[in-house]
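Here the protein sequences come in this chain order: R and D.
If you want the numbering used here, it's the position in the first sequence, counting the first as 1, plus 422.
If you want the numbering used here, it's the position in the second sequence, counting the first as 1, plus 422.
Where a beta carbon is used, it is the ideal one built from N, C-alpha and C, also for glycine.
Number of protein chains: 2
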Amino acid sequence: MSVRALTTLRNCDEIFAEFYTSKLNDAQPEDLEAFIGKQITILRRADVEEKDIIVSAAREKRVAFITAGDPMSATTHVDLRLRAMEEGIRTELINGVSIFVSCAAAFGLQPYKFGRAVTIPFPEPRFLPSSPYENILENHSRGLHTLILLDIKQEEERYMTAPMAMRWLLDAEERLGKGLVRERSLFCAAARVGSDRQALLAGFPDDILNADLGPPLHCMVMPGRLHFMEAQALVALAHAPREILDDGSGSEAQK
Amino acid sequence: MSVRALTTLRNCDEIFAEFYTSKLNDAQPEDLEAFIGKQITILRRADVEEKDIIVSAAREKRVAFITAGDPMSATTHVDLRLRAMEEGIRTELINGVSIFVSCAAAFGLQPYKFGRAVTIPFPEPRFLPSSPYENILENHSRGLHTLILLDIKQEEERYMTAPMAMRWLLDAEERLGKGLVRERSLFCAAARVGSDRQALLAGFPDDILNADLGPPLHCMVMPGRLHFMEAQALVALAHAPREILDDGSGSEAQK
């Protein structure tokens, strides 16, 4: 968290948190409480979205609401802020470090070259959406990178891993067959980005399928057209196969 | 900066910084030195890219390199890190808060719905690129938001403002004429995002042209298809015209 966040939290009367849109790396909520020096009330999705707990408290006291990921990146969070503002409650947004940027930075990929991000959902019977595949394909066809976020079911403690996501992508290729995922298509997989125990890997689908990157959170990137510097970074930082340096753009699935 | 960054900086022997890719909000370098409790050596672009100052120092001591913006978002930064690694110097990346996310969050726009970002350059004779306009158009035609970064010439202390960027976009529309920028196209302009003196505005081209958002840094967003929650956020947070709530998507230039 930023120094400003820590100072602000210490000045609050009550602190709420949610860990259903993302997850703490390297820490349990108790560690966070010890770090801040205050108690934290953890809320479930229903508490945040359907009940009035946070806004009620904020009518009387200085209240903080902590998220493990981006504090405004889910409509649930934006809705909360707007509800508070409608009641005349003053709100302040303090950003932390976001996966949208820390994942790009970890791999040495240029953040401006990312197209829209996608999320790969846990497969369920009759729920096999084509939009993640289609969106990656659109970005890739324009030479852009895609940040691929992986599904979280926090209440069941299920966190999708990179091999599971790679399996999903291979299955989607079989279903939709538009040539996005080939034998030598380059993918990046990361675990616990930004933590001391971060793990990075860049490789072909078989490499990702068989990788053991350790505990969650995992995320992936499908690179588009690589600038030579980006290709060098993937080799140096993520063990990418050196052959991607030869053509300067080993990730083009259309070759 | 994050608490981790502050702790790390205090444990370094030498601290370098560059402010040519971005700029500190609300602070001068002297304030930063006072905050950390150590001296900072500010480098110019040539010092970072052509000389060996940072890597030389890092051979002997613990060296930190601070940037005002994303520490890996320019090839200059990635190159520095790779050069250090080639020499066997251990490197560690500590992310701060990035404009790519803090700008989206400030406006209540969903970060995953952004297509590729663009930069609008200071106009120069014979340098009127079409790619910023074309890239925004591509994103917009897919319903995606575009983060529009504005040019900085730090050595000359020139920072493009939102009205200047809006002027550029209107001129590009006149030149390229593909219907991206219309009378009622919605744009967002922000100044000093993430600071206490942040200013936000959402409006039509004339509103942006005539806005005084104060000192730099300015940035912009051209929203794509707005989710109803995003439209509400723009009205509540950035004074967007209420009419954007009526059709749920007042930003579609193709209407």
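- From the listed residues R:Glu596, R:Glu595 and R:Ala653, the smallest Cα separation to leucine 623 of chain R is found for R:Ala653.
- The three-state secondary structure of arginine 589 of chain D, taken from DSSP, is helix.
- Per DSSP, leucine 566 of chain R lies in no alpha helix (DSSP H) segment and is marked neither H nor E.
- Taking threonine 513 of chain D as reference, the option from R:Leu659, R:Ala613, R:Pro663 and R:Glu455 with the minimal CA-CA separation is R:Leu659.
- Note on glutamate 595 of chain D: 16 or more other CB atoms within 10 angstroms of its CB, so buried under the neighbour-count rule.
- For glutamine 461 of chain R, the closest alpha carbon among the candidates R:Asp453, R:Met588 and R:Arg597 is that of R:Asp453.
- Between tyrosine 534 of chain R and chain D, the shortest Cβ-Cβ separation is below 7 Å.
- In this chain, the alpha helix (DSSP H) harbouring methionine 507 of chain R covers 497–508.
- Residue-level contact check: asparagine 517 of chain D touches chain R, since one or more beta carbons of chain R fall below 7 Å from its beta carbon.
- Proximity of chain R to aspartate 501 of chain D at the Cβ level (cut-off 7 Å) is accounted for by Met651, in chain order.
- Nearest neighbour of glutamate 556 of chain R by Cα position, chosen from R:Leu608, R:Ala584, R:Gly599 and R:Pro547, turns out to be R:Gly599.
- The stretch 441–449 of chain D makes contact with the stretch 605–619 of chain D; the number of CB pairs closer than 8 Å reaches 3 or more.
- For valine 603 of chain R against cysteine 525 of chain R, the beta-carbon gap comes to about 20 Å, at or over 8 Å, which does not count as contact.
- Shortest Cα-Cα distance from alanine 490 of chain D to any of D:Lys473, D:Leu504, D:Lys483 and D:Glu440 involves D:Glu440.
- Identification of residues in the stretch 536–547 of chain D having a C-beta nearer than 9 Å to some C-beta of chain R yields Phe536, Gly537, Arg538, Ala539, Val540 and Thr541, given in sequence order.
- Glutamate 455 of chain R places its beta carbon 7 Å or farther from that of threonine 498 of chain R.
- Comparing alpha-carbon positions, the option among D:Arg619, D:Ala655, D:Gly537 and D:Phe626 lying closest to proline 638 of chain D turns out to be D:Arg619.
- DSSP lists R:Leu571 and R:Ala612 as the bridge partner or partners of cysteine 641 of chain R.
- Glutamate 605 of chain D: not part of any beta strand (DSSP E); DSSP gives it neither H nor E.
- Judged by their CB atoms, phenylalanine 487 of chain R and threonine 463 of chain R are not nearer to each other than the 7 Å cut-off.
- Residues of the stretch 441–456 of chain R with a Cβ closer than 7 Å to any Cβ of chain D: none.
- For methionine 651 of chain R, the closest of R:Leu667, R:Gly636, R:Cys641 and R:His661 by C-alpha to C-alpha distance is R:Leu667.
- In the three-state DSSP reduction, serine 553 of chain R falls in the helix class (H, G or I).
- By alpha-carbon distance to leucine 515 of chain R, the top candidate from R:Ile521, R:Met507 and R:Phe522 is R:Met507.
- Of all residues in the stretch 595–625 of chain D, only Gly616 place a beta-carbon less than 7 Å from a beta-carbon of chain R.
- At least one C-beta of chain R is nearer than 7 Å to the C-beta of threonine 497 of chain D.
- By alpha-carbon distance to methionine 586 of chain D, the top candidate from D:Ile630, D:Val500 and D:Lys535 is D:Ile630.
- Here the C-alpha atom of phenylalanine 544 of chain R lies approximately 9 Å from the C-alpha atom of tryptophan 590 of chain R.
- Beta-bridge pairing by DSSP links isoleucine 437 of chain D to D:Ala486.
- In this structure the stretch 577–584 of chain D does not touch the stretch 547–554 of chain D; the number of beta carbon pairs closer than 8 Å is below three.
- With 16 or more other Cβ atoms inside 10 Å of its own Cβ, arginine 538 of chain D counts as buried.
- The bridge partners DSSP lists for threonine 541 of chain R are R:Leu571.
- When beta bridges are read from the DSSP output, leucine 622 of chain D appears opposite D:Ala612.
- Taking the Cα of glutamate 665 of chain R as reference, the smallest distance to any Cα among R:Leu608, R:His640 and R:Ala621 is reached at R:Leu608.
- Per the DSSP secondary-structure output, serine 424 of chain D pairs in a beta bridge with R:Ser424.
- Taken atom to atom, the span from the alpha-carbon of valine 657 of chain R to that of methionine 588 of chain R is near 20 Å.
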